[in-house]
Amino acid sequence: KNEVEQSPQNLTAQEGEFITINCSYSVGISALHWLQQHPGGGIVSLFMLSSGKKKHGRLIATINIQEKHSSLHITASHPRDSAVYICGGETSGSRLTFGEGTQLTVNP
Amino acid sequence: DGGITQSPKYLFRKEGQNVTLSCEQNLNHDAMYWYRQDPGQGLRLIYYSQIVNDFQKGDIAEGYSVSREKKESFPLTVTSAQKNPTAFYLCATLGGTEAFFGQGTRLTVV
Chain Y
8 KNEVEQSPQN LTAQEGEFIT INCSYSVGIS ALHWLQQHPG GGIVSLFMLS
58 SGKKKHGRLI ATINIQEKHS SLHITASHPR DSAVYICGGE TSGSRLTFGE
108 GTQLTVNP
Chain H
54 DGGITQSPKY LFRKEGQNVT LSCEQNLNHD AMYWYRQDPG QGLRLIYYSQ
104 IVNDFQKGDI AEGYSVSREK KESFPLTVTS AQKNPTAFYL CATLGGTEAF
154 FGQGTRLTVV
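Protein chains in written order, with our numbering: chain Y, 8 to 115; chain H, 54 to 163.
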């Protein structure tokens, strides 16, 4: 079983919809990461958080330490948001592992 | 500009040959990582290093080897013992507030 689990695996939305991607982890972590992977394979970091909530533009990430759960929200989704979204947990000794990713497709 | 450089972008090798993938960073980060990604799959941790001259196995280390002789460099060798080496390989570092990834190397073994 992966230390980090994501849901859903695939998500299709219409432009303008509010999107939520969920991430659960089974071990204690010091920080949680959200990444975006573009179709060409390039990966960019979206958020790193250890508590509470962070916001960047239309993206919001939250984490509940007690429930070992994080969510990534996208408001007013746009076709350019189509990508794979990956969450990962940083554990002791800087070990950093990731979930399987969520393939998001936003249709115009 | 600060960043991570992986080379080459595409690499072809014959079965049975060892091949070394390069990863260089000028971000002055201590922690470096190697991941493997297969089509439609997530990032699987091969090896990671917190500091020079030290590294730990990840979840799929068999058939791979690494070295960390310099802070800037963390090369990955795919050995002939790796049963299915064709994949997309990504190198990453961990800074204070985010993870940084290289552009990846697509290795094809024929």
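Every residue gets a Cβ at the ideal spot worked out from N, C-alpha and C, and that includes glycine.
Under a criterion of Cβ atoms nearer than 9 Å, the residues of chain Y adjacent to Q94/H are, in order, E107 and G108. The Cβ of G64/Y sits no closer than 7 Å to any Cβ of chain H.
Not flagged as an interface residue toward chain Y: F108/H, since no C-beta distance is shorter than 7 Å.
Annotated three-state conformation of S58/Y is coil, per DSSP.
Listed in chain order, the non-local C-beta contacts of A152/H below 6 Å within the same chain comprise A145, local neighbours out to five positions each way being set aside. One thing to note: T98/Y has its Cβ within 7 Å of the Cβ of I36/Y.
Between P86/Y and N17/Y, the alpha-carbon positions lie close to 15 Å from each other.
Secondary structure of G149/H (DSSP, three-state): coil. Per the coordinates, the alpha-carbon of G69/H lies some 25 Å from the alpha-carbon of Y86/H.
In terms of beta-carbon proximity, Q103/H lines the interface with chain Y, with at least one pair separated by less than 7 Å.
Residues of chain H with a Cβ closer than 9 Å to the Cβ of H45/Y do not exist; the shortest Cβ-Cβ separation is about 11 Å. Per the C-alpha coordinates, the member of G47/Y, S57/Y and S58/Y positioned closest to Q156/H is G47/Y. As computed with DSSP, V162/H is found in a beta bridge with R66/H. By the neighbour-count criterion, in which 16 or more other beta carbons inside 10 Å mark a residue as buried, A134/H falls on the exposed side.
By alpha-carbon distance to L56/Y, the top candidate from G149/H, E115/H and V105/H is G149/H. Cβ atoms of L103/Y and Y101/H come within 8 Å of each other, at about 7 Å. Here the alpha carbons of K62/Y and Y142/H stand approximately 30 Å from one another. Put simply, the backbone Cα of N71/H is about 4 Å away from that of T132/H.
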